[in-house]
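Residue numbers (the UniProt record's numbering): 1 to 294.
1. Would you check if the distance between the CB atom of residue 96 and the CB atom of residue 108 is smaller than 7 Å?
2. Hey, how far is the Cα of residue 163 from the Cα of residue 129?
3. What residue does the alpha helix (DSSP H) around residue 106 start on, and which one ends it?
4. Rounded to the nearest angstrom, what separates residue 266 and residue 206 at their Cα positions?
5. Given this structure, state the Cα-to-Cα distance separating residue 150 from residue 99, to the nearest angstrom.
6. Classify residue 118: buried if its beta carbon has 16 or more other beta carbons within 10 angstroms, exposed otherwise.
7. Counting C-beta neighbours from all protein chains within 10 Å, is the total for residue 113 16 or more, i.e. buried, or is it exposed?
8. Taking only the alpha-carbon atoms, compute the straight-line gap between residue 176 and residue 146 and give it to the nearest angstrom.
9. Need the endpoints of the alpha helix (DSSP H) that residue 101 sits in, please.
10. When burial is assigned at 16 or more other CB atoms within 10 Å of the CB, is residue 105 buried or exposed?
11. Would you call residue 191 buried or exposed, if buried means 16 or more other Cβ atoms sit within 10 Å of its Cβ?
12. Does residue 267 come out as helix, strand or coil in the three-state DSSP assignment?
13. When burial is assigned at 16 or more other CB atoms within 10 Å of the CB, is residue 227 buried or exposed?
14. In or out: residue 110 buried (at least 16 other Cβ within 10 Å) or exposed?
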C-alpha cells in the first residue's frame, strides 16, 4: 500500500501509537478523546497553512464521521463483542478496507490495530478451541474405545453369565435327580431294615421251633431208647422170636409212594407229639409196673 503522496507521512513516525493489545470493550469516551487528540496533534504539527488546515478539517470531519460510526460499533459493552456482527469475518474485513481508504490517519491506524488485535485474539481463541476440540476428539475417541472395550467385556460377561446359569440349571437338575435317588435309596434302606427285622423275627421263630424240635427229639430219643430196651427185654424173654418189622423195598422205588409215606410219617409224628407230651412222664412208671412174664 503506497502512502507517500499523503501529507500525513511526516507524522506517522511520531503520532503512530505502539502496537499494544487493548481490550475490545473500551469505553466510548476514551475513543473519542484519543480521536480528538490525535487529529489536533497531527493538524498542528503537519499543516500550518490555512489551506492545509481547511483540508485537514475537511478530512478530519469525514474521518470523524467514519471513526464515530466505527467507534460506535467498536466501543460497546463486552456482551455485544460476542455478537454475530463482530464475529463475522466479512464485517471485520469491510471495516479494515474502509479504514485503509485514504487519507490514512493515526486514528485509523489505531483502529486498524484494534481490529488486528481483535483478529489475533479471535485467532488465538480459535486455535485454543481447535486444540481443545482436538483434545476432546482424542478423549471422545478414547472414550469410544473404552466404551467398545466395556461393551465387549459386558458381552463376554453376559455370555459367561448365561453359561453359568445353564451350568447352575444343570447342577440343579442333577441335584434334584440325586435327591430323588437318595429318597429311593432311603426307601430301599427302610424296606431292607424292615426285611431284616422280618428275617430276624423269622429266625427267632425258627430258633424257637428248632429248640422245641430238639427238645422233642431228645424226648423221642429217650422214648426210642426205652422202647429198644423193652424190645431187648422182650427178645430175651421170648428167646429171640420178636423181630423188627420189615419194609418192602419195592415200595421205595416209586416217588409217589415215598411222598405218601412221608406224609403219613409226618401225620404220625404230629399225632405222637401230643401223646408224647402226656405220656413222657408216665412211660417209665408203666414200664416198671408192667408184669414180667414168667
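For each residue, glycine too, the CB sits at the ideal point set by N, CA and C.
For this structure:
1. Sequence index remark: in the chain shown, residue 96 carries index 96 (1-based). Sequence index remark: in the chain shown, residue 108 carries index 108 (1-based). No, the pair does not count as a contact, with Cβ atoms beyond the cut-off.
2. Indexing the chain shown from 1 puts residue 163 at position 163. Indexing the chain shown from 1 puts residue 129 at position 129. The straight-line gap from Cα to Cα measures roughly 49 Å.
3. Your numbering for residue 106 matches position 106 in the chain shown. Residues 106-238.
4. Walking along the chain shown from the start, residue 266 turns up at place 266. Walking along the chain shown from the start, residue 206 turns up at place 206. Taking the straight line from one Cα to the other gives about 18 Å.
5. Residue numbering aside, residue 150 sits at position 150 when the chain shown is read from its first letter. Residue numbering aside, residue 99 sits at position 99 when the chain shown is read from its first letter. Going by the C-alpha atoms only, they are around 59 Å apart.
6. Here residue 118 refers to the residue found at position 118 of the chain shown. Answer is buried; the Cβ neighbour count reaches 16.
7. In the chain shown, counting from the first residue as 1, residue 113 sits at position 113. Buried, by the Cβ-count rule.
8. For the purposes of this step, residue 176 is taken as residue 176 along the chain shown, with counting starting at 1. For the purposes of this step, residue 146 is taken as residue 146 along the chain shown, with counting starting at 1. Taking the straight line joining both Cα atoms gives about 43 Å.
9. Here residue 101 refers to the residue found at position 101 of the chain shown. No alpha helix (DSSP H) contains residue 101, which DSSP labels as neither H nor E.
10. Here residue 105 refers to the residue found at position 105 when the chain shown is read from its first residue. Result: buried.
11. Sequence index remark: in the chain shown, residue 191 carries index 191 (1-based). Label assigned to residue 191: exposed.
12. As a position in the chain shown, residue 267 is number 267, starting the count at 1. DSSP places residue 267 in helix when its eight states are reduced to three.
13. Within the chain shown, the letter at position 227 stands for residue 227. Under this definition residue 227 is an exposed residue.
14. As a position in the chain shown, residue 110 is number 110, starting the count at 1. Flag for residue 110 reads buried.
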